[in-house]
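Under UniProt numbering, read the sequence shown as residues 1 to 261, first letter to last.
Beta carbons are placed, not taken as given, at the ideal position from N, Cα and C, and that holds for glycine.
As the structure is a computational prediction, the values presented were derived from the model and not from experiment.
A short worksheet on the structure shown next.
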Amino acid sequence: MSEKYIELVSYLKGLKRVLVAFSGGVDSTFLLKAAKDALGDNAAAVTVNSPYIPSWEIEEAKEFTEKMGIKHDFIKVGIIDEIKNNPSDRCYLCKKALFSMIKEKAINEGFDYVIDGTNLDDIKDYRPGIKALNELKIVSPLLECKITKSDVREMSKDLNLLTWNKPAGACLLTRIPFDTRLEIDDINRIEKAEKYLRDKGIAAVRVRSHGDLARIEIDPTIRDQLFNTDFLDEISRKLKEYGFKYVTIDAAGYKMGSLNS
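Now the structure itself:
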């Protein structure tokens, strides 16, 4: 086992009893595994189930905790009033509201800390949600132990976690431009479109929604997979079935946070 993992497990042991904010992504899966190794049944998971979290993420989260024998609860929420128009500080407002709910649950159930999977690389990116975590005193063990995203993937592979090479994920609201009214139908068609493309073998994909127009971003290294007229026709047909009027491919490929600009 790597020294960094041993250090992380040691750090987690000092937290005594923790509730892990668990999305089912690369970082939170790795953190939950480490918390289980460090604390056994004194580590539990909670997942937010909302319209803007892809359903496959919820299912994968369930499967992992069932396999690991970890106590796992869900907090079901809708689109909170503060973010219904997708303001530029949406991530901060959303994190503040959701983690307040998680923290209340933790207090009521006797947990010492709420922990999340923020890693060292996250503080180099535009992540307004981190401000909310700091205000609520949420603990980020990966950040505290100076663990990067590449560290997480490398150690996840050593631990035989299926998420070691899982593409980076983000809530579906990141596909919608700021200052746009959030509608459940729009979110649903984005989820359907991305699931369709994932099922076609395009794992790293974002379907950005600009009104009636879908802008597909995929990993730049696999853009040639789309250079097939029959496949392009099928993509166009399927996404129009989901409710888009126009379907486009972003020539530059996927870029994390492309709507932040």
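Taking residue i and residue j to be in contact with their CB atoms under 8 Å, please state how far apart those CB atoms are, rounded to whole angstroms.
i      : j      : result
Asp27  : Asn85  : 29 Å between Cβ atoms; not a contact.
Leu39  : Leu8   : The pair is not a contact, with the Cβ atoms about 12 Å apart (cut-off 8 Å).
Glu191 : Leu173 : At roughly 11 Å, the Cβ-Cβ gap does not stay under 8 Å, so Glu191 and Leu173 are not in contact.
Leu182 : Ile79  : 6 Å
Arg189 : Phe244 : 7 Å
Lys255 : Val247 : Not a contact, Cβ separation roughly 19 Å.
Thr148 : Thr29  : In fact, because the Cβ distance is near 16 Å, the residues do not count as touching under 8 Å.
Lys36  : Ile70  : 6 Å
Met155 : Lys62  : At roughly 23 Å, the Cβ-Cβ gap does not stay under 8 Å, so Met155 and Lys62 are not in contact.
Glu109 : Ala97  : Contact doesn't hold; Cβ gap of about 19 Å is too wide.
Sort out for me which residues DSSP pairs residue i with in a bridge.
i      : result
Tyr113 : Val18
Leu213 : His210, Tyr246
Val205 : Ile218
In whole angstroms, what separates the C-alpha of residue i from that of residue j?
i      : j      : result
Asn134 : Asp158 : 31 Å
Glu234 : Ser209 : 19 Å
Asn230 : Lys33  : The sequence shown places Asp at residue 230, rather than the Asn named in the question. Between Asp230 and Lys33, the C-alpha separation is close to 43 Å.
Leu161 : Leu31  : 11 Å
Lys124 : Arg153 : 18 Å
Leu213 : Thr118 : 32 Å
Ala168 : Gly25  : 7 Å
Ser50  : Lys146 : 30 Å
Pro54  : Ile184 : 13 Å
Gly14  : Ile138 : 15 Å
Tyr196 : Lys16  : 42 Å
Tyr92  : Leu136 : 12 Å
Asn228 : Lys166 : 26 Å
Cys94  : Lys131 : 11 Å
Gln225 : Ile249 : 12 Å
Ile216 : Asp41  : 42 Å
Gly253 : Ser88  : 23 Å
Asp186 : Lys238 : 15 Å
Met101 : Arg90  : 17 Å
Met68  : Glu194 : 28 Å
Ser10  : Pro141 : 11 Å
Arg223 : Ala170 : 21 Å
Ser236 : Ile176 : 19 Å
Asp151 : Leu143 : 11 Å
Pro220 : Gly211 : 24 Å
Arg198 : Tyr242 : 15 Å
Met1   : Asp122 : 24 Å
Tyr52  : Ile6   : 35 Å
Ala251 : Lys200 : 19 Å
Ile218 : Arg127 : 22 Å
Between residue i and the ligand NAP, is the CB less than 8 Å from at least one heavy atom?
i     : result
Lys67 : Among the ligands in the structure shown, none appear at all, so the ligand NAP cannot be discussed.
Query raised in the report: Would the region 204-215 and the region 95-115 be scored as touching if the rule is three or more Cβ pairs under 8 Å?
Result: no
Query raised in the report: Quick check: the region 70-86 against the region 44-58, are there 3 or more CB pairs under 8 Å?
Result: yes
**Report entry** Contiguous beta strand (DSSP E) assignments of at least 3 residues, all confined to the region 20-108
**Finding:** 43-49, 72-76
Query raised in the report: So, do the region 41-57 and the region 19-26 have three or more beta carbon pairs nearer to each other than 8 Å?
Result: yes
Query raised in the report: Where in the region 110-169 do unbroken runs of the alpha helix (DSSP H), each at least 4 residues long, occur, reported from the N-terminal end onward?
Result: 129-135, 141-144, 149-158
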